[in-house]
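Chains as they are written, first to last, in our numbering: chain A, 156 to 563; chain B, 156 to 563; chain C, 156 to 563; chain D, 156 to 563.
Glycine included, C-beta positions come from ideal geometry on N, C-alpha and C.
Okay, structure first, notes after.
There are 4 protein chains.
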Amino acid sequence: MGYEIKEAYKVLCDQLADRGIDVDDVKAKLKAQDVETPSWAYADGGTRFKTFKQPGAAITYQEKFADAAQVHKFTGICPRVAVHVLWDFVDVEISEVVEYAKSVGVGVGAINPTVFEQEEYMYGSIAHPDPKVRQKAVEHMLDSVEIGRKTGSNFLSLWFADGTNYPGMDDFVDRKHRVEDCLKTVYDAMPETMTMGIEYKLFEPGFYHTDIADWGMACKFAEKCGPNAKALVDLGHHARGVNIEHIVATLIDEGRLAGFHFNNARYADDDLTFGSVNPYEGFLIYNELVKAEAADPDLKIAYMIDQSHNVKPKIEAMIQTVEAIQYTYAKAMCIDRERLAKAQAEMNIVDCENIVSQAFFTDVRPLLHTVREEMGLDPEPLQAFRDGGYQQKIAEERGIRDSGGGLG
Amino acid sequence: MGYEIKEAYKVLCDQLADRGIDVDDVKAKLKAQDVETPSWAYADGGTRFKTFKQPGAAITYQEKFADAAQVHKFTGICPRVAVHVLWDFVDVEISEVVEYAKSVGVGVGAINPTVFEQEEYMYGSIAHPDPKVRQKAVEHMLDSVEIGRKTGSNFLSLWFADGTNYPGMDDFVDRKHRVEDCLKTVYDAMPETMTMGIEYKLFEPGFYHTDIADWGMACKFAEKCGPNAKALVDLGHHARGVNIEHIVATLIDEGRLAGFHFNNARYADDDLTFGSVNPYEGFLIYNELVKAEAADPDLKIAYMIDQSHNVKPKIEAMIQTVEAIQYTYAKAMCIDRERLAKAQAEMNIVDCENIVSQAFFTDVRPLLHTVREEMGLDPEPLQAFRDGGYQQKIAEERGIRDSGGGLG
Amino acid sequence: MGYEIKEAYKVLCDQLADRGIDVDDVKAKLKAQDVETPSWAYADGGTRFKTFKQPGAAITYQEKFADAAQVHKFTGICPRVAVHVLWDFVDVEISEVVEYAKSVGVGVGAINPTVFEQEEYMYGSIAHPDPKVRQKAVEHMLDSVEIGRKTGSNFLSLWFADGTNYPGMDDFVDRKHRVEDCLKTVYDAMPETMTMGIEYKLFEPGFYHTDIADWGMACKFAEKCGPNAKALVDLGHHARGVNIEHIVATLIDEGRLAGFHFNNARYADDDLTFGSVNPYEGFLIYNELVKAEAADPDLKIAYMIDQSHNVKPKIEAMIQTVEAIQYTYAKAMCIDRERLAKAQAEMNIVDCENIVSQAFFTDVRPLLHTVREEMGLDPEPLQAFRDGGYQQKIAEERGIRDSGGGLG
Amino acid sequence: MGYEIKEAYKVLCDQLADRGIDVDDVKAKLKAQDVETPSWAYADGGTRFKTFKQPGAAITYQEKFADAAQVHKFTGICPRVAVHVLWDFVDVEISEVVEYAKSVGVGVGAINPTVFEQEEYMYGSIAHPDPKVRQKAVEHMLDSVEIGRKTGSNFLSLWFADGTNYPGMDDFVDRKHRVEDCLKTVYDAMPETMTMGIEYKLFEPGFYHTDIADWGMACKFAEKCGPNAKALVDLGHHARGVNIEHIVATLIDEGRLAGFHFNNARYADDDLTFGSVNPYEGFLIYNELVKAEAADPDLKIAYMIDQSHNVKPKIEAMIQTVEAIQYTYAKAMCIDRERLAKAQAEMNIVDCENIVSQAFFTDVRPLLHTVREEMGLDPEPLQAFRDGGYQQKIAEERGIRDSGGGLG
């Protein structure tokens with residue numbers, strides 16, 4: 156006879172009880188988890204060498220929302236879709252987009268201005284030497300604020316491709332001042348309820364310097380805007396070796412963490428599936444989040460996914476990602492914090508490490524299984540999606556087409 | 156009432172059965188696992204900034220063997236101790252060392268010549284421009300071969316600090332030829348049963364170039380010696396990002412993998428506990444080993460630990476390490492290989508990844524618990540060691556002393 | 156009164172004389188220098204985020220050859236153009252291409268098969284699990300060999316995008332064997348005069364593993380083919396920190412250096428202008444080449460440029476690159492090798508370093524000025540090209556168009 | 156006939172005149188340059204594997220000051236010596252040290268508290284969980300402030316080894332708050348004229364996290380102290396790829412750059428000679444400094460050297476370093492800034508890059524030759540030092556001894 160999930164769940168509950176963990180509380184938090192998926196991840200994406208086209212990949216905003224709705228339908232925790240303005244809001248009434256999203260069961264999430272794809276931006280957008288180009292970028296961001304107002308989205312998600320490729324190409328400080336001015340103009344136009352998330356990135360597409368290169372720069376720019384401007388952490392945007400969980404803890408303590416772009420990376424901004432390369436890193440980041448949540452229940456952090464599934468089927472990959480995030484969050488709640496605090500106070504490093512890694516290796520699948528059942532969902536989202544036949548349907552109906560979208 | 160290991164074991168066995176895995180076979184392999192611990196890890200070690208002294212840290216070879224014997228006593232899979240010639244065989248009869256080791260229940264493992272600590276080696280050993288220095292290094296290695304012969308150890312473990320700090324300091328090709336000559340001389344003196352493990356390292360203590368900098372160079376030097384010379388993989392000796400499991404698979408396929416120095420690293424040659432920084436990496440390496448073992452049961456790979464527990468109690472840290480290695484090996488045997496092969500053939504990447512990560516997240520603690528009981532050991536080695544009182548005893552008897560040993 | 160190049164040249168000659176350097180010999184070598192430019196660098200290229208279109212960027216092979224001919228016209232050392240088969244040889248008689256090249260004053264250089272842009276290659280080419288895909292790739296390479304035969308090009312330049320994005324996606328060793336088989340088939344079809352250059356790369360587009368990831372793997376694959384298969388070093392394809400000049404010296408000593416793809420990189424495969432990020436690195440590589448040339452005048456190394464000038468005007472950037480390569484080569488010949496050998500023998504590291512860096516900081520512009528004049532060229536190639544009006548002409552005639560080419 | 160420095164100087168002056176550069180101004184700035192050398196660099200230093208002992212290496216503060224005085228004697232720009240409190244101020248009257256320094260012709264520079272070498276600091280100093288340990292560290296720093304007051308030194312140079320080696324070992328936020336408190340206490344005790352330089356470092360000796368890991372964290376801690384607390388940039392303390400000149404420009408613009416620890420690094424905190432690995436990086440940093448100086452003549456930046464010359468003779472290496480810094484500064488003043496600004500405004504990237512690199516490749520040796528002569532110094536400091544016989548004298552008198560000092 157085979158593996159019985161009920162038995163496994165009982166064993167897990169006993170384990171957690173031994174660690175003094177309130178399973179009901181963990182389940183409540185897992186049910187309340189909320190992660191945004193990005194519209195562009197349902198479209199074809201690729202590397203500079205090739206964008207492979209997948210049957211059924213989305214092009215229109217309707218297709219993207221419909222695909223995202225599948226992810227929400229089967230996971231129950233992805234009710235909103237982050238949008239990229241020039242990819243999703245061209246020649247369309249904003250209210251139409253909102254209505255359509257609603258009609259398929261999702262909402263509009265973070266608003267991402269698109270300021271890197273037009274020919275004017277060859278040498279940058281808000282750091283560009285030419286004030287006309289900066290003005291264009293600022294106006295597009297002001298439009299984006301307006302879109303947020305109309306869609307009810309309160310998160311403005313800013314990523315800039317601005318940087319230089321060669322020493323001497325431009326002056327760092329001049330560029331810094333231009334960026335400060337542009338961001339402040341946009342910030343001042345935001346409604347009070349809106350958060351500005353400022354993304355930083357070590358490199359790409361700038362290969363010599365990037366104007367917002369690390370969390371420190373994002374934080375400095377945010378401070379010059381005001382309290383609702385904060386840093387946005389994309390897990391793939393750091394130099395190798397950098398301890399991201401330490402940055403996350405620092406930003407939270409400084410009141411400057413806007414949220415995340417989840418993914419995973421080994422070499423550069425690889426945009427791989429969350430947890431696929433170094434799952435322990437994701438867990439250690441969630442460890443900081445669980446602690447911060449416990450310390451401040453009003454803490455607001457935007458959880459968003461930003462991946463590029465070049466060789467995986469897009470919707471399946473997104474469901475796999477959401478599951479990975481759920482397991483990671485659950486595991487971070489499985490740390491015996493009382494024992495850990497005691498071991499830390501005694502400087503018993505061996506025990507500290509074991510207590511943390513034991514939580515990481517807790518098999519939380521039976522817990523999520525139960526949570527999903529209690530949420531009225533199929534306990535195996537990926538299989539349920541596959542069984543639903545949606546992928547075959549879109550592959551057939553949409554076929555393989557030239558992509559209209561971009562990638563983030 | 157709490158967690159019951161027996162129930163957990165039953166759940167695990169059911170899981171493994173569903174994956175078509177023969178639990179008895181897995182248990183047999185876990186019982187046959189064999190990992191060497193290094194004598195120098197029981198002595199004080201540190202960074203260039205400070206070596207913190209721990210109460211009870213070993214100085215003499217007797218103390219190191221006695222400490223290592225504790226690790227074997229509680230884990231059952233560490234019957235041998237790797238030795239460093241100038242730290243363990245100075246002014247002593249070899250037979251005495253062998254006898255002493257035997258008396259405490261362990262044997263002498265890999266022989267590590269020590270060719271980096273004497274003033275002559277300021278500019279290198281076997282790559283040194285001065286033939287007298289090279290001669291000295293070669294003679295020490297020939298003595299080490301002799302020690303191996305007398306101790307019955309058949310593994311010569313070679314690490315060289317040779318490198319340069321500044322461009323122009325020496326000629327790469329001249330140095331290459333010197334290294335080739337010296338290694339060949341030593342190789343030719345080895346008995347047929349001996350393996351020469353040639354360790355490579357990206358940097359440190361050389362900060363411009365290292366003469367044996369990567370697996371390719373180690374492999375080239377090995378080929379020039381003969382079939383029993385092979386590359387030795389220290390997990391902390393690679394550039395960031397390098398895929399170690401890919402190198403391991405390549406070396407095995409080329410017949411040139413001598414074995415491992417296990418540890419873990421985030422930044423450089425950090426020499427941290429195996430699995431403590433990126434446990435998935437260790438698992439993916441073991442995945443290659445499990446596959447290779449299955450394909451060739453006669454495959455001989457030397458498993459050795461090389462860590463520097465600067466702030467952890469040494470014996471506890473070693474037991475923790477051995478447990479981590481056991482769990483990792485066990486997890487790698489929990490992959491449903493039939494399903495994986497099928498998913499690979501279908502290029503179903505989402506399933507491939509899930510099958511692999513599911514094995515990684517299998518909670519194999521109940522399995523090791525059972526294995527240890529069947530081996531007549533305490534199922535919780537770390538706790539058992541702590542309960543045994545050995546650490547208190549040596550802390551008291553030996554106290555805090557100036558270290559005599561070195562660090563690797 | 157201003158700077159007089161003649162005075163500067165005299166000062167330089169005196170300096171070099173003091174170092175025992177034969178200026179005539181240096182000049183002869185600079186005149187004989189020979190670097191290939193790649194056809195694809197004259198077409199629009201970009202990052203995954205955007206390919207900015209430049210006025211006049213080449214699309215057809217005719218345009219690419221014509222542009223490359225400009226580089227040769229003004230530098231005098233770029234007589235051949237590396238071609239990418241699917242970008243330059245589609246629906247065209249090979250003889251036509253050869254004729255056209257000749258008509259504008261250049262020849263066909265290295266033949267680069269294109270095995271990463273078609274939908275079949277989504278999961279790889281010669282490492283692909285499906286034998287039909289491998290067969291397609293092999294056939295394309297065999298066609299490429301044939302093209303080489305017909306164009307008189309004796310260099311087959313192989314880069315594969317093969318790799319995986321996720322652990323478990325495929326088996327490393329199976330893939331290795333597939334690659335070995337395919338390469339051997341192609342090698343066996345090559346004429347004796349042809350060299351197979353096997354390029355390695357740490358990552359991209361594979362983000363978990365790359366089948367030919369480092370020089371060691373390229374070398375192993377080459378050895379399995381035969382003596383005319385060798386490793387091709389692209390300066391941007393290494394992990395951070397890796398000492399490329401050490402690898403170059405090693406490959407030369409092993410008889411396995413096919414040649415170079417010159418460029419420069421700070422973060423990843425940035426494909427920036429040679430010498431623009433870390434000019435000392437290029438110099439130290441050339442130092443090895445100058446030594447190797449001196450030791451073996453018959454040494455054959457293919458010098459090729461592979462850059463992606465996303466934001467620089469393409470032809471200007473190529474001339475700038477060729478100049479940078481000339482200065483670097485010249486500087487490497489300015490090392491006082493007698494004094495260096497003496498300092499090395501005395502282990503006088505301070506002097507070793509100073510002798511090398513002094514050569515690097517030698518202002519060799521007056522030397523190249525003279526060399527160009529003696530070659531009948533304008534001494535300032537970039538200015539001369541600008542004055543020639545070619546760029547304005549193609550910008551006007553060709554305009555801004557959708558690109559047909561790709562990027563390497 | 157050989158190279159004539161006078162002719163070379165004339166050629167250089169003509170070159171600079173063509174670039175619109177005022178040579179007299181450049182010379183004045185070079186004469187006013189001021190760089191501190193560190194007392195510990197005259198003592199034996201090494202890696203964790205071995206500290207090689209050099210004949211004549213300094214042990215006492217007297218020896219260190221005497222050696223440093225040689226560097227100042229021959230370069231004329233190193234009038235002060237940075238001190239490490241526990242290495243230079245143990246069991247001695249502060250006034251004696253000051254007097255002695257004066258007597259040999261140098262002064263006391265930056266005060267470096269030593270809070271990482273005592274057994275209490277095994278788990279950190281100001282981030283340590285135990286308030287008694289933090290108190291000890293704070294008291295030592297308060298003593299250091301007092302030393303600064305008495306020696307007339309107005310720079311408190313803070314580096315902390317604080318960090319953790321394993322996940323879970325301690326809580327990031329708790330540690331952050333401890334660091335904030337301790338630094339504020341010390342800051343509040345500083346005289347108004349004193350600057351607190353807070354050094355950051357990616358890793359080592361902490362191998363999992365470092366409490367002050369990057370410029371952003373150093374800046375945050377500084378802001379919590381007050382306006383005289385600033386970040387201290389050690390060139391070897393960044394993750395690979397990080398653009399240091401961009402950070403320098405950012406810190407200056409934020410009013411938070413305390414100064415530098417000059418050295419060079421390829422892999423980690425290699426502590427090699429400034430300019431020896433990547434001279435262009437040093438030049439690009441100086442480019443920012445020259446611009447900032449021009450914009451604000453009152454800008455105060457502390458220039459200090461922090462290197463570990465494991466295999467180079469210490470005093471020679473220091474003179475070589477100072478020369479490298481002089482050449483770099485001079486080159487950065489050789490940029491034709493008017494042409495550069497114009498090229499930047501026109502987004503002529505090719506020219507921008509060429510203008511910058513042309514300055515880098517300017518042979519400024521004749522300029523420094525002249526500057527030194529005008530300062531009454533020997534134009535060739537290294538040779539002059541060698542000719543002076545000091546090294547032989549100390550080698551003979553001091554011999555090879557067990558080191559008493561440490562390394563930074």
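Close CB contacts of Q481 of chain D within its chain, under the 6 Å cut and outside five residues either way in sequence, are with L523 (chain order).
With respect to the 8 Å criterion, N442 of chain D and G430 of chain D are not classified as neighbours on the basis of their beta carbons.
With 16 or more other Cβ atoms from the protein chains shown falling within 10 Å of its own Cβ, S312 of chain B counts as buried.
Within chain B, V166 have C-beta atoms less than 7 Å from the C-beta of A163 of chain A, given in sequence order. Assignment of T405 of chain A by DSSP, reduced to helix, strand and coil, places it in the helix class. Residues of the same chain with a CB within less than 7 Å of the CB of H393 of chain D, apart from the 5 flanking positions on each side, are L357 and I399 in chain order. If you check the CB distance, D366 of chain B and R411 of chain B do not come in under 8 Å.
The C-beta of S250 of chain A has fewer than 16 other C-beta atoms within 10 Å across all chains shown, which makes the residue exposed.
For the pair M324 of chain C and C489 of chain B, the CB atoms are not nearer than the 8 Å cut-off.
Just so you know, the alpha carbons of K228 of chain B and A344 of chain D end up roughly 55 Å apart.
The Cβ of A404 of chain A sits no closer than 8 Å to any Cβ of chain C. If one requires a minimum length of 4 residues, the alpha helix (DSSP H) runs lying completely within the region 276-325 of chain B are 286-306, in chain order.
Short of 7 Å from the beta carbon of I474 of chain B, and not among the five residues preceding or following it, lie these beta carbons of its own chain, in chain order: V226, F229, T230, P536, L537 and F540.
Between G175 of chain B and chain C, the shortest Cβ-Cβ separation is not below 8 Å. Excluding sequence positions up to five before and after Y363 of chain B, its CB lies within less than 8 Å of the CB of G318, T319, N320, Y321, P322 and M324, all in the same chain and listed in chain order. Not a single CB atom of chain A sits nearer than 8 Å to the CB of N383 of chain C.
The three-state reading of DSSP puts T348 of chain A in coil, since its state is none of H, G, I, E or B. A Cβ-Cβ contact shorter than 8 Å links P468 of chain A with Q546 of chain A. Within the same chain, V270, F271, Y276, G279, S280, P360 and G361 come within 8 Å of A316 of chain A by CB-CB distance, once the 5 residues on both sides are set aside.
If you keep only unbroken alpha helix (DSSP H) runs of at least 4 residues inside the region 174-251 of chain B, you get 178-187, 216-230 and 240-243.
As the crow flies, the alpha-carbon of Y164 of chain A is around 12 Å from that of L167 of chain B.
Using beta-carbon distances, V397 of chain B counts as an interface residue toward chain C, with a partner under 8 Å.
Using beta-carbon distances, F516 of chain A counts as an interface residue toward chain B, with a partner under 8 Å. If you keep only unbroken alpha helix (DSSP H) runs of at least 4 residues inside the region 371-447 of chain A, you get 399-408. Shown here, A368 of chain A sits in coil according to DSSP, grouped into three states, outside any helix or strand. From the beta-carbon of Y278 of chain D, the residues of chain A found nearer than 7 Å are M502. Minimum Cα-Cα distance from N503 of chain C among the listed residues D:E493, D:V466, D:P534 and D:E436 corresponds to D:V466. Taking all protein chains shown into account, P434 of chain A has 16 or more neighbouring C-beta atoms within 10 Å of its C-beta and is therefore buried. Inside the region 471-525 of chain C, DSSP marks no whole beta strand (DSSP E) run of 3 or more residues.
Ranked by how close their Cα comes to the Cα of K385 of chain D, the residues D:I407, D:H401 and D:K305 have D:I407 in first place.
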